[in-house]
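A short worksheet on the structure shown next.
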Amino acid sequence: MKKKIQNDELLNAVSRIINTKGVSYLTLENVANEAGVSKGGLLHYFPNKKALIEGGITSVIEKYTENLEKSSQKDSDPGHTLRAYIEVSMHDPDQLTAGLLAAIATDPELLKPLQDHYAVWQRHVENDGLDPVFATIIRLAIDGLWFCDMFGLTSVEPELREKVLNELVALTRKDQL
Numbered sequence: 030m031k032k033k034i035q036n037d038e039l040l041n042a043v044s045r046i047i048n049t050k051g052v053s054y055l056t057l058e059n060v061a062n063e064a065g066v067s068k069g070g071l072l073h074y075f076p077n078k079k080a081l082i083e084g085g086i087t088s089v090i091e092k093y094t095e096n097l098e099k100s101s102q103k104d105s106d107p108g109h110t111l112r113a114y115i116e117v118s119m120h121d122p123d124q125l126t127a128g129l130l131a132a133i134a135t136d137p138e139l140l141k142p143l144q145d146h147y148a149v150w151q152r153h154v155e156n157d158g159l160d161p162v163f164a165t166i167i168r169l170a171i172d173g174l175w176f177c178d179m180f181g182l183t184s185v186e187p188e189l190r191e192k193v194l195n196e197l198v199a200l201t202r203k204d205q206l
């Protein structure tokens, strides 16, 4: 358990660096300094920057999946998976995600675990009791909002954004468009 705590502390340091200084400052030395450990201590858990990024991706996927499972257990009506997807994606964004995606851009191979999990999430969406095309349209709308938020691309006022989210949730409760 000690290693898990240490890993979390190191990954939190990664998140702080990305959020305060940007991805270009994501070096082993900076992570070690931010976490208050020696570079050797960091290397004990993550032997290189790629392993550190992989650890961050794994952490993001695990947290997201756990939150998605908890949220989807709130009801069992058709569309419950999509409602959970909306809630977790829009109301519990992981601060590390944007930086990790930027870091992944340097090594597309690191996207593989995320691609695998997206395939699983898509299968859940398609089998959520709604028309699979309709359900996928809702999922893609949520992904679009999430990406806009993540990269600061949206100019949608918060009030309108909330109305859009509420409408998407309402659509998950309808049998068809």
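Under the numbering used here, the final residue of the sequence shown carries the number 206; numbering is consecutive throughout.
No residue lacks a Cβ here, since even glycine has one placed at the ideal position from N, Cα and C.
What you are looking at is a predicted structure, and each value in this text was computed from that prediction instead of being measured.
Check                                                                                                                                                  : Outcome
On a CA-only basis, which of E191, L111, P187 is nearest G255? Give me that one, please.                                                               : With the chain covering only 30 through 206, there is no way to say anything about residue 255.
To test your reading of the DSSP string, which unbroken alpha helix (DSSP H) runs of 4 or more residues are found completely within the region 49-136? : 57-64, 68-74, 78-101, 109-120, 125-133
State buried or exposed for H109, treating a residue as buried only when at least 16 other CB atoms are found within 10 Å of its CB.                   : buried
Mind reading off the beta-carbon distance from A80 to L71? Whole number of angstroms is fine, and I expect it under 8 Å.                               : Not really, about 10 Å apart at Cβ, beyond 8 Å.
In angstroms with no decimal places, state the Cα-to-Cα distance between K31 and G173.                                                                 : Confidence at K31 is low in this model, with a pLDDT of 45, below 50, so the placement of that residue is unreliable and no value is reported for it.
Buried or exposed: where does L40 fall if 16 or more other Cβ atoms within 10 Å of its Cβ makes it buried?                                             : buried
Indicate whether R168 and Y114 have their beta-carbon atoms separated by less than 8 Å.                                                                : yes
If we call anything under 8 Å between Cβ atoms a contact, is A170 one with L130?                                                                       : no
Looking at the secondary structure, which residues open and close the alpha helix (DSSP H) in which K203 lies?                                         : Careful: K203 lies outside any alpha helix (DSSP H) and carries neither H nor E.
With 16 as the cutoff for other CB atoms within 10 Å, does A134 come out buried or exposed?                                                            : exposed
Pull up the distance between the alpha-carbon of A132 and that of E58, whole angstroms please.                                                         : 16 Å
Would you tell me roughly how many angstroms separate the C-alpha atoms of P76 and E83, rounded to the nearest one?                                    : 11 Å
From which residue to which residue does the alpha helix (DSSP H) around T165 run?                                                                     : 161-180
Once you ignore the five residues that flank L97 on each side, which residues in its own chain have a CB closer than 6 Å to its CB?                    : A113, V117
Cα separation between V149 and V60?                                                                                                                    : 32 Å
With DSSP run on the structure shown, which of helix, strand or coil describes I44?                                                                    : The sequence as given places Ser at residue 44; Ile does not occur at that position. In the structure shown, S44 sits in a helix (DSSP, three-state: H, G or I).
What three-state label does DSSP hand N195 in the structure shown?                                                                                     : helix
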